[in-house]
Structure formats: structure tokens, C-alpha cells
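**Q** Numbering (this note's numbering), first residue to last: 2 to 454.
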């Protein structure tokens, strides 16, 4: 300040200075009336600044508290980390649905996982580059651009055992070992999975690193991990499967084999992931040899068509033969039934005739007669000869009726020839000849004293 500014104005009283020996007393702050305009402006500025500072501090404190508030949705489960470690033990570490508060970072961190939401991961590392499909097809694979997996040929399939430990290195043939050729093909997969154990998932698999654009933080490492598991299963399984089985004959079996290997590996690592399904979206031979595979496919379809046609004809032939066989069996059963019935009727008739003969013998030769046993035997033989002769005559007439030419020769007498050119034509009264023969037998038996049945 200049000397003129320090000089008092005219008429202004200058306060007296205290004596040096007088004691010092505290000086009261000047009032607003005592301050000059510059001092007043400075005091106002300080008061306003302090008020703004208090508001800012309160706002920062509120934001600090609010930054710790988070919400867990109905389809989510949250895990709190304190200085990088899971906060709590067991079920207590899982934060339920609703609003919660945590200490802001870097003290605590919250990781939300979809507890009930099914996630999908596409594995196209074995598929050809789709961005280059519209370009001119090259004569071979583009290493580093087209993906593929190796499959065994028909004779090599199953020749190499799978690794004992799921996920281990595939067993490759030793140098110089005679192994048939292998084939290349493309496959495209989609993995469906859920988080079965959030605590194990966060502790053993979640890395918290930022993913590529479009992905949530932390899921990049999870996707890479699962893709490596699926890729390993596809490589090992395909190396022991025939390409024809994969493309045509046993698609579900191939998919199931890969899925089983993925589940075994995930179970062994125990990272809290639960595999739901593994879809085989597409499969195809290399585009460079697709025409040859199309020819094979057409031949296979033609073969199947011919086989189906042959099976149809075989079924028709078998059905017709079965029907004929059933008809023959039915006729045979009917004939058997008729023969048995006829034989049974003859047996009953002969039994009655024999019973009548025995009764006649007993009646005509009483038991008290001398030598009655010999007489009974002689009587029985006599009656049996008569009956057998009558049966022979009846049978002979039946045979002669059916014959076209009958020759009767007797060395002592003349020869007579009976000609019957139409077997269906019978002389009058011949139809009842069988009945007449039976009547003759019955009459003869009555004459002999035998009671007819």
C-alpha cells in the first residue's frame, strides 16, 4: 500500500496507541459497520464458498452411500466379494432377490449370475468361414480361416482308444504305424448351460475381466473356458468315429458321445456349471469335395429305396405264403379231425360187432358144456370169418366202383371185363350199395344168431 493510503483523512480521528507497558487485551473482530467495502466483499465470498463446500460434501457423501445400493432381480443370484474374497460361507454367501447395500469399491464387489436363466454359447471353430462363402471357392482349406475336425475312416473308427481321463490328450498313432486314412468335416455346435452352484462358479471360474464389445464383464473368460471344453470333446470323439456314421447313420449317437464327454469333464472340474444340452446345429463335408459326397448321398438314397422296395415285396410274399400255409394247416386239421372221427366211428362200430359176437358165442356155447372153451373158440373164429368176408366184399365193391377198368380173372372160369368210362356215372341203385351191404351183414349176423349192434 502507498503512504497516501496509510494517512488518515482530514477530520478522521486517529485512535490512540496503547502504551508499551500496558497489557495486551484480545481485539474483537470488526463488525460489518466497521469493515470497509473490500473487507465486506471478502467476508461474503468466504461465507458463500463455505456453504457451497458443505453442499458438495453432503452430495459426495450421499453418492458414496447410494453407490453401495444394488438390486438383485428375480432370475439372478448375487455373490458379494470383500477384498476379492467371497463374503460369507455356504448359503449365507448368496444374496437373495431385492434391494441390498454394500461397501463401495474397492472394499466390496457384487457379482450377479443368472441363477435360473439358460445361457447359450455357439461354437463355430469347426465351421468354415462364413464371411468368405461368397468368394470363389478354393481348392483346399485356408489354414487359420476355415475350421474343421478330423474323423476316422470306416476301418480306423474305434481303432484308437479314447483317453482314460476325460479332456486328456487324444491318443495318436505312433510314427510309422500303419493306420488307414482320416477324413475332414465341418461341424457347428451350440451349448446350453446354467449356473448350478453360484459360489463355486465365482470362486473357480469367474475372472471379472472385461469381455469383448457386446459381452458382459467376466463372461469372456467363461465362454473361452466352455468353448475349450467342447472343442476338446469334439476333437477326441470325432477321431474315433467314422465320417459316414456322423453324417448319415448315427447322428444322435455322435452328438450323445460328445455331450457325455463334455459333462464328464465339467463334473471333474467342478466349477458350478450345469450342462443342459449340446446341439449339433449343422454338419457338412468340406466344400471342396461336396460334389463327391452328394454322389455318395444319392447312391445311399437309391440303395435305401431299393432295400425298402425289396422289403415291401418280401413282406407281400411272406404274407401270401403265410396265408397259404395257414390254409393248408386248416385243411390238414379239418382232414385230421375227419379221419379221427371216422376212425372213432369205425372203432365204435367194430367194438359193438365184436361185443355182439362174444355174446352170441357165450349164449350158444354155455359154460357147463364139455370142452366149452374149444367150442367157443371155434364158434368165435367161424363168426369172425363171416364178418371179415363181408367187410372184404364191401371194400371190394367200393374199390371197383371207383376204377375205370376192372378185370376179374379166374383160371377155372371165363374172364369178364367191366368197363366204366365215367367214374361219376354210377349204375342205378349203386349209391345205396353201401347201405345194402351193411344190411346184408346185419341179416347174415341175425341168421347166425348174432345180435347186430
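For each residue, glycine too, the CB sits at the ideal point set by N, CA and C.
(1) Cβ atoms of residue 186 and residue 293: under 8 angstroms apart, would you say?
(2) Measuring straight from C-alpha to C-alpha, what distance separates residue 355 and residue 326?
(3) When DSSP builds the beta bridges, which residues end up paired with residue 111?
(4) What residues in its chain sit with their C-beta under 7 angstroms from that of residue 260, if we drop five residues either side in the sequence?
(5) In the DSSP output, which residue or residues are listed as bridge partners for residue 243?
(6) I need the DSSP call for residue 103, collapsed to helix, strand or coil.
(7) Helix, strand or coil for residue 370? Go by DSSP, reduced to three states.
(8) Can you give me the start and stop residues for the beta strand (DSSP E) that residue 341 sits inside?
(9) Whole-angstrom Cβ separation of residue 183 and residue 153, contact assumed at under 8 angstroms?
(10) What's the C-alpha gap between residue 404 and residue 345?
(11) Determine the direct distance from the alpha carbon of residue 376 to that of residue 367, and round the result to whole angstroms.
(12) In the DSSP assignment, find the alpha helix (DSSP H) that holds residue 249 and state where it starts and stops.
(13) State the Cα-Cα distance for the pair residue 243 and residue 106, rounded to the nearest angstrom.
(14) In three-state DSSP terms, what is residue 128?
(15) Indicate whether the contact test is met: 3 or more Cβ pairs, each with one atom in the region 226–239 and one in the region 116–133, closer than 8 angstroms.
(16) Grouping DSSP H, G and I as helix and E and B as strand, with all else coil, what is residue 198?
(17) Tell me which residue opens and which closes the alpha helix (DSSP H) that residue 55 is part of.
(18) For residue 226, which of helix, strand or coil comes out of DSSP?
(19) Have a look at 226, 192 and 386 and flag the residue whose alpha-carbon is nearest the alpha-carbon of residue 206.
(20) Can you tell me the Cα-Cα spacing of residue 200 and residue 67, whole angstroms?
(21) Would you mind giving the Cβ-Cβ distance between residue 87 and residue 237, rounded to the nearest angstrom? I have them listed as a contact below 8 angstroms.
(22) To the nearest angstrom, how far is it from the Cα of residue 387 to the Cα of residue 398?
(23) Can you determine whether any heavy atom of the ligand ZN sits closer than 7 angstroms to the C-beta of residue 347, and answer yes or no?
(24) Check whether the Cβ atoms of residue 77 and residue 113 sit closer than 8 angstroms, and answer yes or no.
(25) Would DSSP call residue 205 helix, strand or coil?
(26) Tell me the DSSP secondary structure of residue 70 in three-state form.
(27) For the beta strand (DSSP E) that contains residue 404, what are its first and last residues?
(28) Just to confirm before moving on: does the CB-CB distance between residue 264 and residue 252 stay below 8 angstroms?
(29) Express the C-alpha separation of residue 369 and residue 391 in angstroms, rounding to a whole number.
(30) Distance check for residue 335 and residue 257, CA to CA, integer angstroms please.
(31) If you check the beta carbons only, do residue 97 and residue 73 fall under 8 angstroms apart?
(32) Buried or exposed: which applies to residue 320, given that a residue is buried once 16 or more other Cβ atoms fall within 10 Å of its Cβ?
(33) Under 8 angstroms by Cβ, that's how I've got residue 301 and residue 249 pegged, so tell me the actual separation to the nearest angstrom.
(34) From residue 322 to residue 340, what distance separates their C-alpha atoms?
(35) By the three-class DSSP mapping on this structure, what secondary structure does residue 117 have?
**A** The structure says:
(1) On the chain shown, position 292 is the one that residue 293 refers to. On the chain shown, position 185 is the one that residue 186 refers to. Going by C-beta atoms, residue 293 is not nearer than 8 angstroms to residue 186.
(2) Residue 355 sits at position 354 when you count from the first residue of the chain shown. Residue 326 sits at position 325 when you count from the first residue of the chain shown. Distance between the alpha carbons of residue 355 and residue 326 is about 42 angstroms.
(3) The residue you call residue 111 lines up with position 110 of the chain shown. Beta-bridge pairing links residue 111 to 81.
(4) Against the chain shown, residue 260 aligns to sequence position 259. Result list for residue 260: 279, in chain order.
(5) Taking the first residue of the chain shown as 1, we reach residue 243 at position 242. DSSP output for residue 243 lists 153 as bridge partner(s).
(6) Translated into the one-based positions of the chain shown, residue 103 becomes position 102. Of the three classes helix, strand and coil, the one that applies to residue 103 here is coil, per DSSP.
(7) By one-based count along the chain shown, residue 370 stands at place 369. Coil.
(8) Along the chain shown, one-based indexing puts residue 341 at 340. Following the DSSP letters along the chain, one finds residue 341 in no beta strand (DSSP E) but inside the alpha helix (DSSP H) bounded by residues 291–365.
(9) Locating residue 183 in the chain shown gives position 182, counting from the first residue. Locating residue 153 in the chain shown gives position 152, counting from the first residue. Confirmed, about 6 angstroms.
(10) By 1-based counting over the chain shown, the position of residue 404 is 403. By 1-based counting over the chain shown, the position of residue 345 is 344. Approximately 27 angstroms, taken between the alpha carbons.
(11) By one-based count along the chain shown, residue 367 stands at place 366. By one-based count along the chain shown, residue 376 stands at place 375. The straight-line gap from Cα to Cα measures roughly 10 angstroms.
(12) Sequence index remark: in the chain shown, residue 249 carries index 248 (1-based). Taken as a continuous stretch (DSSP letters only), residue 249 belongs to no alpha helix (DSSP H), as it is neither H nor E.
(13) Residue numbering aside, residue 243 sits at position 242 when the chain shown is read from its first letter. Residue numbering aside, residue 106 sits at position 105 when the chain shown is read from its first letter. Those two C-alpha atoms are separated by around 55 angstroms.
(14) As a working note, residue 128 is residue 127 in the chain shown. In this structure, residue 128 counts as coil in the three-state DSSP scheme.
(15) yes
(16) Here residue 198 refers to the residue found at position 197 of the chain shown. Reduced to three states, the DSSP call for residue 198 is coil.
(17) Residue numbering aside, residue 55 sits at position 54 when the chain shown is read from its first letter. Note, residue 55: alpha helix (DSSP H), 38–67.
(18) What you label residue 226 is simply residue 225 of the chain shown in a count that begins at 1. It is helical.
(19) In the chain shown, residue 206 corresponds to position 205, counting from 1. Of the listed residues, the one whose Cα sits closest to residue 206 is 226.
(20) The residue labelled residue 200 in the question sits at position 199 within the chain shown. The residue labelled residue 67 in the question sits at position 66 within the chain shown. Between residue 200 and residue 67, the C-alpha separation is close to 26 angstroms.
(21) Taking the first residue of the chain shown as position 1, residue 87 is located at position 86. Taking the first residue of the chain shown as position 1, residue 237 is located at position 236. Not really, about 34 angstroms apart at Cβ, beyond 8 angstroms.
(22) Residue mapping note: residue 387 aligns to position 386 of the chain shown, counting from 1. Residue mapping note: residue 398 aligns to position 397 of the chain shown, counting from 1. Within the model, the alpha-carbon separation for residue 387 versus residue 398 is close to 17 angstroms.
(23) The ligand ZN is not among the ligands present in this structure, which contains no ligands whatsoever.
(24) Working through the chain shown from its first residue, we reach residue 77 at position 76. Working through the chain shown from its first residue, we reach residue 113 at position 112. Going by C-beta atoms, residue 77 is nearer than 8 angstroms to residue 113.
(25) Locating residue 205 in the chain shown gives position 204, counting from the first residue. Three-state DSSP puts residue 205 in a helix.
(26) The sequence position of residue 70 within the chain shown is 69, counting from 1. Here residue 70 sits in strand by DSSP.
(27) As a working note, residue 404 is residue 403 in the chain shown. Note, residue 404: premise wrong, no beta strand (DSSP E); not H, not E.
(28) What you label residue 264 is simply residue 263 of the chain shown in a count that begins at 1. What you label residue 252 is simply residue 251 of the chain shown in a count that begins at 1. A distance of 8 angstroms or more separates the beta carbons of residue 264 and residue 252.
(29) The residue you call residue 391 lines up with position 390 of the chain shown. The residue you call residue 369 lines up with position 368 of the chain shown. Roughly 32 angstroms separates the two Cα atoms.
(30) Taking the chain shown and counting its residues from 1, the one referred to as residue 257 is at position 256. Taking the chain shown and counting its residues from 1, the one referred to as residue 335 is at position 334. Going from the Cα of residue 257 to the Cα of residue 335 covers about 57 angstroms.
(31) Within the chain shown, numbered from 1, the residue matching residue 97 stands at position 96. Within the chain shown, numbered from 1, the residue matching residue 73 stands at position 72. Contact: yes.
(32) Position 319 of the chain shown, counted from the first residue, corresponds to residue 320. Residue 320 comes out exposed.
(33) Within the chain shown, numbered from 1, the residue matching residue 301 stands at position 300. Within the chain shown, numbered from 1, the residue matching residue 249 stands at position 248. That pair is a contact at about 6 angstroms.
(34) Stepping through the chain shown from its first residue, residue 322 is reached at position 321. Stepping through the chain shown from its first residue, residue 340 is reached at position 339. So the two alpha carbons sit approximately 26 angstroms from each other.
(35) Position 116 of the chain shown holds residue 117. If DSSP states are grouped into helix, strand and coil, residue 117 belongs with coil.
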